[in-house]
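Residue numbers (mature numbering (1 follows the signal peptide of the UniProt record, and there is no 0)): -16 to -1, 1 to 566.
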């Protein structure tokens, strides 16, 4: 049995765990506190399911959208869906499988984002102490990569926080540098150019596990579970400054320069960030002991994942209940009702994302206010959802040992070069119809804003300004003209044959950016006008008399698939053919 050491003075403790120590009596004679791996880990990052995400079970189907208005290729599919368009277009850009250490698969527990990196923490269930952190480079959202991985062979990692080029880690450790009776621990890990180093400091906490951590200019704040505490440490020397006993703490957050914590037994407490004097407290539902729960904030309200009670929303000043979102109704007999529970909540782009375990990830719209929340639907992604976190337009979804999904909102990306598409005028409205948009012959339609569709047929004239995602087929039919200003995403890797087609003598005019996850076909006389960037992951078919016009000096096209030419296209303008496919 290992001998455990309890250090009373933090400065001495920090010295004892310094990774640069050569003392034969320190932990260098044991397994390292952290193992850094910067070797190629691309095999853990999978883009096979990348593409536009549709949203299921949304209410309020457009009564005027009938199968007779849809293209022939869509009728069978449309008869089996009840989706409507949503106002949050999303794409899945990658899946990251969980790290494996000594044949043990870890599970994701937390995510923080700073600049071009997403930091993902992991641990394992049961008595084993084992954790990890992945650093995912998201500087190019169309081509993410794992920049570095760090394994903690004797430390569970519950949560992480970023501040001033360092990661602050909450967890539990069997290290000889941690009190055996109180294995809860905080760790400061210094970063270099955003990447982890082995320059770490361990900080003892009371309880069995530190469940969450927050670091900012005021200090390091940690919370721990059973018989736990809210503790504040000096940001410069990691010395303990304040401590408050609170049982069964799950999560910590900062709002309006106040520290907010969630207890599974005592509800929400709000503290002064300097002295940790309590400002207010109010109850929430009592929850299963030690289960992971998260909180988020929106317009002076705190959103609380409450397990079997779904989501609770409370006024942060007085604790009064503002709204609730119940768990979704389950009709699938293959889903165990005991596995339907709200584990986590996050707010992104005026939308609430709820991780509901076996019931998946539901989305709710906040644009009509916190008291008038409407359900958007359930994201059409594989597996259960045990954790969700968002920041900077990204949504990270974890599903037990199933790894992590990286989802990105399709944001309006207006063209900075030459423009000819007019986006102002009373004719522009927000699209609120069915998820299959059909522009009939002799129609001219004008839409703006953010929209996610199942499919799009343009038989006449459509102008769309903003951000648009189409999960299945997009057809610009004979003599149709589609003007797109902003950001367009279409298709998915799973079915590349639900492609983007510019049919005979049709025109697609793009100002901004377009990403096609499936195939793209240019039929006879098709014309693509580009002022911006085009990325195509599938194959490209170019038939007779096709014209591609690049406008301005900064346009580009990137084609990852195979280009087949049944005729010689006319290509005009200055452009960058990134992979030399045209």
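C-beta: ideal position from N, C-alpha, C; glycine also.
When the options are compared against residue i, the one with the closest alpha-carbon
i, options, result
"residue 213", "319, 336 and 234", "234"
"residue 227", "215, 238 and 221", "215"
"residue 288", "333, 309 and 368", "309"
"residue 295", "319, 337, 302 and 258", "337"
"residue 210", "511, 249 and 421", "249"
"residue 134", "128, 112 and 183", "183"
"residue 126", "552, 553 and 543", "543"
"residue 27", "377, 131 and 69", "131"
"residue 222", "230, 229, 187 and 194", "187"
"residue 552", "538, 403 and 525", "525"
"residue 73", "557, 471, 403 and 565", "471"
"residue 257", "177, 388, 305 and 201", "201"
"residue 522", "484, 534 and 495", "484"
"residue 557", "550, 147 and 535", "535"
"residue 38", "438, 303 and 71", "438"
"residue 416", "29, 237 and 70", "70"
"residue 229", "241, 190, 263 and 239", "190"
"residue 251", "181, 264 and 259", "264"
"residue 527", "486, 19 and 356", "486"
6 angstroms Cβ shell around residue i - same chain, five flanking residues per side excluded
i, result
"residue 573", "An answer regarding residue 573 cannot be provided, because it is not within the stretch -16 to 566 covered by the chain."
"residue 35", "475, 476, 477 and 501"
"residue 224", "217"
"residue 129", "121"
"residue 518", "498 and 541"
"residue 378", "392"
"residue 373", "95, 330 and 380"
"residue 159", "138"
Near the ligand NAD: residue i beta-carbon under 7 angstroms from a heavy atom
i, result
"residue 540", "Looking for the ligand NAD in the displayed structure turns up nothing, as the structure carries no ligands at all."
Residue i - DSSP class collapsed to helix/strand/coil
i, result
"residue 493", "strand"
"residue 262", "strand"
"residue 415", "coil"
"residue 28", "helix"
"residue 267", "coil"
"residue 395", "coil"
"residue 21", "strand"
"residue 305", "strand"
"residue 427", "coil"
"residue 378", "strand"
"residue 54", "Confidence in residue 54 is poor, its pLDDT being 35 and thus under 50, which makes the residue's placement unreliable; the coordinate value appears in the next sentence. Residue state, collapsed to three classes: coil."
"residue 485", "strand"
"residue 478", "helix"
"residue 438", "coil"
"residue 276", "coil"
Status (buried if at least 16 other CB within 10 Å, exposed otherwise) for residue i
i, result
"residue 481", "exposed"
"residue 99", "exposed"
"residue 32", "exposed"
"residue 196", "buried"
"residue 232", "buried"
"residue 50", "For residue 50, the predicted model reports a pLDDT of 32, less than 50, meaning its position is unreliable and no value from the coordinates is stated."
"residue 123", "exposed"
"residue 301", "exposed"
"residue 323", "exposed"
"residue 86", "exposed"
"residue 369", "buried"
"residue 360", "buried"
"residue 456", "buried"
"residue 353", "exposed"
"residue 246", "buried"
"residue 447", "buried"
"residue 358", "exposed"
"residue 280", "buried"
"residue 507", "buried"
"residue 109", "exposed"
Cβ neighbours of residue i in the same chain (closer than 7 angstroms, five flanking residues each side left out)
i, result
"residue 407", "432, 449 and 469"
"residue 55", "The predicted model places residue 55 with a pLDDT of 40, which falls under 50 and marks its position as unreliable, so this point remains unresolved."
"residue 444", "423, 424, 425, 426, 427, 428 and 464"
"residue 278", "235, 289, 328 and 329"
"residue 272", "291"
"residue 150", "172, 173, 174 and 175"
"residue 147", "199 and 200"
"residue 78", "29, 30, 31, 34, 128 and 390"
Beta-carbon contacts of residue i that lie in its chain and below 8 angstroms, excluding the five residues immediately before and after
i, result
"residue 106", "82, 83, 90, 91, 92, 93, 115, 116, 117, 118 and 141"
"residue 261", "255"
Chain D contact for residue i (CB, 8 angstroms cutoff)
i, result
"residue 206", "In summary, chain D is missing from the structure at hand, where a single protein chain is found."
**Prompt:** For the region 173 to 237, which segments carrying the beta strand (DSSP E) assignment without a break, of at least 3 residues, lie completely within its bounds, in sequence order?
**Reply:** List check, beta strand (DSSP E) in window: 179 to 188, 194 to 200, 203 to 208, 213 to 217 and 224 to 229.
**Item:** Any beta strand (DSSP E) of 3 or more consecutive residues that is wholly inside the region 109 to 142
**Value:** Those beta strand (DSSP E) runs which fall completely within the region 109 to 142 and span 3+ residues are 115 to 121 and 129 to 136.
**Asked** Which residue spans inside the region 495 to 566 form an unbroken beta strand (DSSP E) run of at least 3?
**Response** Scanning the region 495 to 566 for uninterrupted beta strand (DSSP E) segments of 3 residues or longer gives 504 to 506, 511 to 520, 524 to 526, 531 to 534, 539 to 543, 547 to 549, 554 to 556 and 559 to 561, listed from N- to C-terminal end.
**Item:** Uninterrupted beta strand (DSSP E) stretches inside the region 319 to 352 (no shorter than 3 residues)
**Value:** 328 to 332, 335 to 339 and 345 to 349, all fully within the region 319 to 352.
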